[in-house]
Amino acid sequence: MRAFTYTEPGTVTEAVAALAAAGPGARFLAGGTTLYDLMKLGVEAPAAVVDVHRIAGLATIDTSGPAELVFGGGARMADVAEDPVLLRDYPALAESLAKAASQQLRTMATVGGNLLQRTRCAYFRGGRPFACNKREPGSGCAAREGLDRGHAVLGISDACIATYPGDWAIALIAFDAVVDVLGPAGERTVPLAQLHVEPGEHPEREHTLAPGELILRIRVPTTGTGRGSTYHKIRDRESYAFALTSAAAAVALDADGTVTDARLALGGVATVPWRAAEAERSLVGQPLSPDASRRAGEIVFADAVVGTSNGYKIELGIRTVVDALRIAGERATQ
Amino acid sequence: MTAIPPTLRTERVDARDKVTGAVRYGTDRVPPGLLHAALAVATIAKGRVTSTDTAAAEAVPGVRLVLTRAGEGELASAGFLLGGGYGFQSLQPLMDDRIAYRGQPIAIVVADTPVAATEAAALVTATYETEQVSLDLDAEGVEVVEQAATLPPMFADLVAGDAEGTLADCDVRVEGTYDLPVQHQNPMELIGCVAEWEGDDLVVHEGSQNSGAIRHGLAAQLGIDAERIQVISPYVGGGFGQKNSLQPGTALAAIAARRTGRPVKLVSTRMQVFHNASFRPASRHRVVIGADRDGTMRAAVHEVDQQTSRHDLYPGSYTEITARLYGIPNFRGHQRLVRTDVQTPGYMRAPYEHPAAFAFESTVDDLAHQLGLDPVAMRLANDSTADPITGQPFSSRHVTECLRRGAERFGWERRTHEPGSMRAADGTRIGWGVALGAYKGAAVPAVARITASSDGGLRVEVGGHEMGQGIRTAVARTVALDLGVPAADISVVVGDTRSVPQHLTAGSWGTAGALPAVGAALGELRKALGLAADGPADVAAAVAATGQANVEVEATYTAPGQPPEIVLDRLRRGLPAAGGPVYPGFTAFSFVAHFVEVRIEPVIGRIRVPRVVSVADCGRVASPVTAASQLRGGVVWGIGAALREASEVDPRYGGFLNADLAEYTIPVNADIGDIDVDFIDVPDPLLNDIGVKGLGEVSMVGVAGAIGNAIFHATGKRFRHLPIRLDDLLG
Chain A
1 MRAFTYTEPG TVTEAVAALA AAGPGARFLA GGTTLYDLMK LGVEAPAAVV DVHRIAGLAT
61 IDTSGPAELV FGGGARMADV AEDPVLLRDY PALAESLAKA ASQQLRTMAT VGGNLLQRTR
121 CAYFRGGRPF ACNKREPGSG CAAREGLDRG HAVLGISDAC IATYPGDWAI ALIAFDAVVD
181 VLGPAGERTV PLAQLHVEPG EHPEREHTLA PGELILRIRV PTTGTGRGST YHKIRDRESY
241 AFALTSAAAA VALDADGTVT DARLALGGVA TVPWRAAEAE RSLVGQPLSP DASRRAGEIV
301 FADAVVGTSN GYKIELGIRT VVDALRIAGE RATQ
Chain B
1 MTAIPPTLRT ERVDARDKVT GAVRYGTDRV PPGLLHAALA VATIAKGRVT STDTAAAEAV
61 PGVRLVLTRA GEGELASAGF LLGGGYGFQS LQPLMDDRIA YRGQPIAIVV ADTPVAATEA
121 AALVTATYET EQVSLDLDAE GVEVVEQAAT LPPMFADLVA GDAEGTLADC DVRVEGTYDL
181 PVQHQNPMEL IGCVAEWEGD DLVVHEGSQN SGAIRHGLAA QLGIDAERIQ VISPYVGGGF
241 GQKNSLQPGT ALAAIAARRT GRPVKLVSTR MQVFHNASFR PASRHRVVIG ADRDGTMRAA
301 VHEVDQQTSR HDLYPGSYTE ITARLYGIPN FRGHQRLVRT DVQTPGYMRA PYEHPAAFAF
361 ESTVDDLAHQ LGLDPVAMRL ANDSTADPIT GQPFSSRHVT ECLRRGAERF GWERRTHEPG
421 SMRAADGTRI GWGVALGAYK GAAVPAVARI TASSDGGLRV EVGGHEMGQG IRTAVARTVA
481 LDLGVPAADI SVVVGDTRSV PQHLTAGSWG TAGALPAVGA ALGELRKALG LAADGPADVA
541 AAVAATGQAN VEVEATYTAP GQPPEIVLDR LRRGLPAAGG PVYPGFTAFS FVAHFVEVRI
601 EPVIGRIRVP RVVSVADCGR VASPVTAASQ LRGGVVWGIG AALREASEVD PRYGGFLNAD
661 LAEYTIPVNA DIGDIDVDFI DVPDPLLNDI GVKGLGEVSM VGVAGAIGNA IFHATGKRFR
721 HLPIRLDDLL G
């Protein structure tokens with residue numbers, strides 16, 4: 001780990017200014033659960049760190065409003081996961097946080113920082129001697145011919161097949177969340193669906209935030225569909241593991257059991273949080289059945305591209321969709 | 001014997017110190033003037049270092065030393081533990097330019113702070129000439145070694161009767177080939193040490209199962225008298241076999257301390273522990289069993305290929321238990337070693353027995369299924385009282401009772417035979433499986449010294465190390481029960497070379513060696529104090545009556561049939577000295593029966609293990625609380641090994657890819673259900689006076705087999721590899 005300068009501004013405006021003043025390669029620090037980890041591995045080596053984790057007001061959680069849920073970028077994952085409104089009306093959002101990492105990490109990590117968590121690809125994290133276009137643009141991708149059991153099958157490119165690791169963003173994208181950011185050029189709003197970018201030829205570029213932009217808050221439009229939702233996470237052990245496949249699913253049903261609204265997004269299978277809009281449309285107007293759910297899952301993976309050892313993710317992903325929609329359907333009718 | 005006080009039934013003597021953080025582990029030590037070391041490691045899988053650039057590392061503020069090559073005569077190999085030496089491997093880094101595996105150290109950096117040392121180590125760069133590598137059993141360029149033809153007679157093939165001939169005329173034959181992965185022990189406590197020179201004397205604090213080997217190995221490496229070296233390892237934060245020998249970093253820390261004139265602490269990173277310490281090697285097993293239609297097993301063949309390194313032959317000992325699980329009169333074992341480009345593998349809890357039992361007990365399950373027999377009943381019908389290999393009786397063998405009691409506690413009679421026949425209302429598939437395990441009853445020479453004081457204090461020094469298994473509690477309990485004194489009055493010293501000789505504490509022989517020595521010392525103490533041969537004693541008064549403040553006695557224990565002088569000399573020189581399982585007139589093994597329920601959820605197919613019943617025959621239970629903990633812990637390891645743990649190797653790069661606790665998925669609490677343990681608790685009449693056999697290792701043996709058998713019962717699918725993960729069940 002290399003020496004770096006550390007500042008702790010008192011307001012978001014000062015924080016943005018401090019980061020701009022620190023020059024290229026500076027990083028905001030919130031919970032530190034990813035940044036410090038990557039700094040110790042030598043994958044991140046910022047010359048300056050601007051600590052925002054104690055800024056007053058950045059950690060506000062407000063789920064009382066009629067129009068939207070608001071989560072300050074600095075709110076702790078553990079706190080948001082225990083919010084009673086979320087637990088009752090948006091179980092998918094609460095579960096996506098509760099099933100992430102460990103209790104210790106969730107107590108440190110923030111919901112804003114979590115959106116930008118970097119991939120767990122071992123070739124990315126391992127440093128030398130592995131080739132990684134994300135870490136060292138142009139060096140190649142060791143994962144493509146390597147151990148890819150955990151890698152993505154959707155949204156991949158020749159340059160990168162690294163999986164987006166997070167859970168929270170998967171649930172958020174299903175509920176049309178937006179992100180308010182503050183940067184040197186002022187404040188703007190980015191739909192979560194436009195926050196992350198597929199690797200294409202530039203896997204080192206992971207999101208659309210401009211240099212120095214800080215996530216102020218995440219806003220989620222309220223919807224009754226949230227009650228019939230789940231975040232279903234399938235992994236190699238029951239806690240403290242990243243998703244092999246995951247699905248955030250939500251449905252609203254009319255009195256006959258016909259789907260009137262469907263939300264579906266997948267994690268663990270794609271390079272970015274993966275909203276399955278076409279699959280959602282296939283469900284609406286039909287009874288929620290295992291067959292319909294399976295068809296929806298098949299639609300998600302129609303264009304999947306598998307490597308050496310991650311082919312199972314297609315069938316597992318489809319089944320994850322089926323099971324998630326079953327749980328969501330049960331909750332929708334309770 | 002006096003009634004057992006409640007505290008002796010329920011408590012570890014060091015429980016309070018552990019949970020309050022009062023316990024000091026090796027690298028907790030912070031002597032004045034301490035410097036911190038870090039290792040720089042090779043990024044190639046094999047070849048040679050052609051140049052090293054240390055300029056950037058040396059420029060880091062606070063760096064005191066960057067050492068890429070030991071000086072002439074400064075460092076020697078300590079030799080391989082199983083080749084007459086002391087090290088986990090014979091290869092000692094920083095002695096030449098050869099790179100045998102990725103992650104091999106190429107420099108040690110010493111600095112004022114751990115941060116500076118770590119940063120500087122990352123800045124050491126090297127250029128290399130690379131060579132072709134062979135990383136797994138099937139790789140091009142591996143070298144296959146016939147073990148029996150190459151290693152000493154104790155590693156010869158185990159043979160009884162005529163296996164092949166008998167197989168040919170058995171009614172049924174079942175056969176399977178099983179692949180077991182590389183695994184790493186991953187103790188919470190990383191490998192590390194603090195090396196301090198006091199003049200020409202060296203003191204090392206290090207969490208180790210073998211302080212004696214560190215002492216004598218360092219003497220050989222540094223060219224100094226072993227009497228000038230003391231090693232202190234009062235607590236080990238998990239060893240599991242990985243800390244059973246001298247680690248290559250310890251001599252480097254000692255050299256760095258000598259060069260800088262300051263104490264030096266070196267703690268490996270988790271990733272380095274994956275690469276610079278031993279691990280469970282990959283192994284492949286071919287098992288053939290022949291039987292009569294009634295399920296009588298008449299012949300078995302067990303052939304094993306096991307990975308080793310280029311530089312050492314880590315021997316296999318897989319068939320030692322499979323030859324004894326049943327009374328199979330015709331048995332042929334055969335073991336080969338496959339040299340690959342890796343650090344030398346070694347012992348990890350139930351090192352041979354876990355893979356061997358998985359392969360063998362899966363095949364036994366296939367046989368029962370093919371014959372339409374109940375797997376418990378068929379095992380009961382094949383029990384044996386004599387050792388099929390030697391013809392000798394077992395010192396004690398309660399396999400039938402383990403199976404009967406386990407079946408009853410588990411409710412086995414409610415099992416329906418057909419695979420897939422048991423289902424929950426929601427479609428969850430339920431499988432019930434059983435498997436046996438065994439582990440040699442080893443015995444190790446040990447010296448015990450008791451110092452009794454007129455104030456009532458009792459200090460017990462004995463060979464052994466406290467790795468969490470509870471050796472202190474077992475020793476204190478033995479003394480407390482013998483003399484009728486409170487355990488709180490007894491201090492137990494283990495893992496300290498300033499005391500009595502310290503043996504390699506492994507192979508489930510730690511307690512089995514320490515307790516007989518302590519028992520003998522208690523006899524000496526009673527004699528010295530003129531006390532009755534047994535019963536409660538007023539030790540303080542008896543000491544006071546002698547007119548002295550302290551009375552000290554010493555006793556030794558050696559295993560039956562071992563030449564005492566030879567093995568005690570090995571013990572005093574820090575060399576492995578354990579004996580067993582074959583003794584003059586008897587053969588000694590511990591046994592266990594595991595019963596497992598798996599539940600496989602309907603859509604996704606996640607495998608869960610809601611309950612396990614395990615009944616062990618470990619002779620007398622020396623310490624009920626720690627024994628139950630040992631057995632439960634072994635079951636947890638078995639669940640991890642069966643369903644989760646594997647170290648991944650990318651054949652292009654060598655080394656291990658998932659080298660951290662996030663990606664190497666040991667089980668978490670949420671993966672573990674109810675584990676119900678019980679003990680036969682009948683003293684072994686022959687192995688030692690105390691009646692104990694080993695427990696720590698046998699606890700894990702057979703768990704993976706029982707899980708695999710339960711998965712077969714749930715699904716009708718037989719998996720012949722580990723771990724069995726949910727992607728396997730999709731197909």
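Those sequence lines, one after another, are chains A and B. Going letter by letter, the first sequence gives residues 1 to 334 in our numbering. Going letter by letter, the second sequence gives residues 1 to 731 in our numbering. Glycine included, every Cβ here is placed at the ideal spot set by N, Cα and C. Quantities reported herein were computed from a predicted structural model and do not represent experimental measurements.
Closest residue to B/Leu-303 among B/Leu-266, B/Phe-360 and B/Gly-261 (Cα-Cα distance): Within the second sequence, the letter at position 303 stands for residue 303 of chain B. It is Glu, not Leu, that sits at residue 303 of chain B in the sequence shown. With distances taken between CA atoms, B/Glu-303 lies nearest to B/Phe-360 out of B/Leu-266, B/Phe-360 and B/Gly-261.
Starting from B/Val-668, find everything on chain A with Cβ-Cβ shorter than 7 Å and list it in chain order. For the purposes of this step, residue 668 of chain B is taken as residue 668 along the second sequence, with counting starting at 1. Residues of chain A passing the Cβ test: Arg-237, Glu-238, Ser-239 and Tyr-240.
Can you pull the chain B neighbours of A/Val-322, defined as C-beta to C-beta under 8 Å? Here the question's residue 322 of chain A lines up with position 322 in the first sequence. Result: Val-603.
Mapping the DSSP letters down to three states, classify A/Val-272 as helix, strand or coil. The residue labelled residue 272 of chain A in the question sits at position 272 within the first sequence. Three-state result, A/Val-272: coil.
Select from the segment 346–374 of chain B all residues with a C-beta closer than 8 Å to any C-beta belonging to chain A, and list them in chain order. Cβ contacts with chain A come from no residue of the segment 346–374 of chain B.
Would you list the residues sitting across from A/His-232 in a DSSP beta bridge? Numbered from its first residue, the first sequence carries residue 232 of chain A at position 232. According to DSSP, A/His-232 bridges with A/Ala-247.
Using DSSP's beta-bridge definition, name the partner residues of B/His-285. Translated into positions along the second sequence, residue 285 of chain B becomes position 285. Answer is B/Tyr-178 and B/Val-304.
By the 8 Å beta-carbon criterion, what residues does the segment 13–45 of chain B contribute toward chain A? Those residues of the segment 13–45 of chain B that come within reach of chain A (Cβ to Cβ, closer than 8 Å) are Thr-43 and Ile-44.
Whether A/Ala-162 touches A/Ala-174 by CB criterion (9 Å): Residue numbering aside, residue 162 of chain A sits at position 162 when the first sequence is read from its first letter. Residue numbering aside, residue 174 of chain A sits at position 174 when the first sequence is read from its first letter. Taking a C-beta distance under 9 Å as the contact criterion, A/Ala-162 and A/Ala-174 do not qualify as a contact pair.
To the nearest angstrom, report how far apart B/Ala-520 and B/Ala-514 are at their CA atoms. For the purposes of this step, residue 520 of chain B is identified with residue 520 of the second sequence, where counting begins at 1. For the purposes of this step, residue 514 of chain B is identified with residue 514 of the second sequence, where counting begins at 1. Cα-Cα distance, rounded: 10 Å.
Under 9 Å, CB to CB, which of the residues in the segment 115–134 of chain A have a partner in chain B? Answer in chain order: Arg-120, Ala-122, Tyr-123, Arg-125, Gly-126, Gly-127, Arg-128, Pro-129 and Phe-130.
Whole angstroms are fine: how far does the CA of B/His-311 sit from the CA of B/Pro-281? The residue given as residue 281 of chain B occupies position 281 in the second sequence. The residue given as residue 311 of chain B occupies position 311 in the second sequence. In a straight line, the C-alpha of B/Pro-281 is about 15 Å away from that of B/His-311.
Take the Cβ of B/Met-467 as the centre, count every other Cβ of all protein chains shown within 10 Å, and call the residue buried at 16 or more, exposed below. Within the second sequence, residue 467 of chain B is the residue found at index 467, counting from 1. B/Met-467 comes out buried.
Chain-ordered neighbours of B/Leu-180 on chain A, where CB pairs are closer than 9 Å: Along the second sequence, one-based indexing puts residue 180 of chain B at 180. By Cβ distance, chain A contributes nothing, its closest Cβ being about 18 Å from B/Leu-180, past 9 Å.
Measuring alpha carbon to alpha carbon, tell me which of B/Pro-516, B/Ala-443 and B/His-503 ends up nearest B/Val-475. For the purposes of this step, residue 475 of chain B is taken as residue 475 along the second sequence, with counting starting at 1. Residue nearest to B/Val-475 within the set B/Pro-516, B/Ala-443 and B/His-503 is B/Pro-516 (criterion: CA-CA distance).
Using the DSSP secondary-structure output, state which residues sit across from A/Ala-26 in a beta bridge. As a working mapping, residue 26 of chain A is identified with position 26 in the first sequence. A/Ala-26 pairs with nothing; no bridge assigned.
Can you tell me the Cβ-Cβ gap for B/Val-66 and B/Ala-57, rounded? I've got them flagged as a contact below 8 Å. The count along the second sequence starts at 1 and reaches residue 66 of chain B at position 66. The count along the second sequence starts at 1 and reaches residue 57 of chain B at position 57. Taking C-beta atoms under 8 Å as the contact rule, B/Val-66 and B/Ala-57 qualify, at a distance of about 5 Å.
Give me the Cβ distance between A/Phe-124 and A/Val-251, rounded to the nearest whole Å; I'm assuming they're in contact under 8 Å. By one-based count along the first sequence, residue 124 of chain A stands at place 124. By one-based count along the first sequence, residue 251 of chain A stands at place 251. About 36 Å; that fails the 8 Å criterion.
Measure the alpha-carbon distance for A/Leu-69 versus B/Pro-419 and round it to whole angstroms. Counting from one through the first sequence, the residue named residue 69 of chain A turns up at place 69. Counting from one through the second sequence, the residue named residue 419 of chain B turns up at place 419. Rounded to whole angstroms, A/Leu-69 to B/Pro-419 spans 50 Å at the Cα level.
Are the beta-carbon atoms of B/Ala-706 and B/Gly-433 separated by less than 9 Å? By 1-based counting over the second sequence, the position of residue 706 of chain B is 706. By 1-based counting over the second sequence, the position of residue 433 of chain B is 433. Yes; because the gap between Cβ atoms is below 9 Å, this pair is in contact.
Can you pull out the residues from the segment 137–171 of chain A whose beta carbon lies closer than 8 Å to at least one beta carbon of chain B? Flagged, chain order: Ala-142, Glu-145, Gly-146, Leu-147 and Arg-149.
Report the three-state DSSP secondary structure of B/Arg-423 (helix, strand or coil). Here residue 423 of chain B refers to the residue found at position 423 of the second sequence. B/Arg-423 falls in the strand class under three-state DSSP.
Any contact of the segment 71–86 of chain A with the segment 232–243 of chain A, i.e. 3+ C-beta pairs under 8 Å? As far as the Cβ criterion goes, the segment 71–86 of chain A does not touch the segment 232–243 of chain A, which means the pair count is below three.
Would you kindly work out how many angstroms separate the C-alpha atoms of B/Thr-7 and B/Gly-391, rounded to a whole number? What you label residue 7 of chain B is simply residue 7 of the second sequence in a count that begins at 1. What you label residue 391 of chain B is simply residue 391 of the second sequence in a count that begins at 1. For B/Thr-7, the predicted structure reports a pLDDT of 48, less than 50, and the residue's modelled location is therefore unreliable. A value from the coordinates is still provided. Taking the CA atoms as reference points, B/Thr-7 sits about 44 Å from B/Gly-391.
If we count the other Cβ atoms within 10 Å of its Cβ and call it buried at 16 or more, is B/Arg-720 buried or exposed? Locating residue 720 of chain B in the second sequence gives position 720, counting from the first residue. Burial is judged here by how many other beta carbons sit within 10 angstroms of a residue's own beta carbon; B/Arg-720 has at least 16 and is buried.
If you drop the 5 nearest sequence neighbours on each side, which residues of the same chain put their C-beta closer than 7 Å to that of A/Thr-320? For the purposes of this step, residue 320 of chain A is taken as the residue at position 320 of the first sequence. His-232, Ile-234, Thr-245, Ser-246 and Ala-247.
Using DSSP bridges, identify the partner residues of B/Leu-65. Against the second sequence, residue 65 of chain B aligns to sequence position 65. When beta bridges are read from the DSSP output, B/Leu-65 appears opposite B/Val-110.
When DSSP labels each residue in this structure, what does B/Met-271 get in the three-state scheme? As a working note, residue 271 of chain B is residue 271 in the second sequence. It is helical.
Just the C-alpha distance for B/Asp-292 and B/Leu-167, rounded to the nearest angstrom, thanks. Position 292 of the second sequence, counted from the start, is the residue given in the question as residue 292 of chain B. Position 167 of the second sequence, counted from the start, is the residue given in the question as residue 167 of chain B. Whole-angstrom Cα-Cα distance: 10 Å.
As assigned by DSSP and simplified to three states, the class of B/Lys-693: What you label residue 693 of chain B is simply residue 693 of the second sequence in a count that begins at 1. Shown here, B/Lys-693 sits in coil according to DSSP, grouped into three states, outside any helix or strand.
Under the assumption that B/Val-399 contacts B/Ile-289 (Cβ atoms under 8 Å), give the Cβ distance between them as a whole number of angstroms. Numbered from its first residue, the second sequence carries residue 399 of chain B at position 399. Numbered from its first residue, the second sequence carries residue 289 of chain B at position 289. Rounded to the nearest angstrom, the Cβ distance from B/Val-399 to B/Ile-289 is 17 Å, too far for a contact under 8 Å.
From the DSSP output, in three-state form, read off B/Gln-230 for me. Along the second sequence, one-based indexing puts residue 230 of chain B at 230. DSSP places B/Gln-230 within a strand segment (E or B) once states are collapsed to three.
Under 7 Å between beta-carbons, which chain B residues line up against A/Ile-327? List them in chain order, please. Within the first sequence, numbered from 1, the residue matching residue 327 of chain A stands at position 327. Correct list: empty, because the minimum Cβ distance to chain B is about 10 Å.
Contact with chain A by B/Ile-711, beta-carbon distance below 9 Å: Reading the second sequence from its first residue, position 711 is the one you call residue 711 of chain B. Chain A, which has no Cβ nearer than 9 Å to the Cβ of B/Ile-711, makes this no.
Roughly how many angstroms lie between the CA atoms of B/Gly-241 and B/Met-348, to the nearest whole one? By 1-based counting over the second sequence, the position of residue 241 of chain B is 241. By 1-based counting over the second sequence, the position of residue 348 of chain B is 348. Cα-Cα distance, rounded: 5 Å.
Got a sec: is the Cβ-Cβ distance from B/Arg-215 to anything in chain A below 9 Å? For the purposes of this step, residue 215 of chain B is taken as the residue at position 215 of the second sequence. Under the Cβ criterion of 9 Å, B/Arg-215 is not counted among the residues facing chain A.
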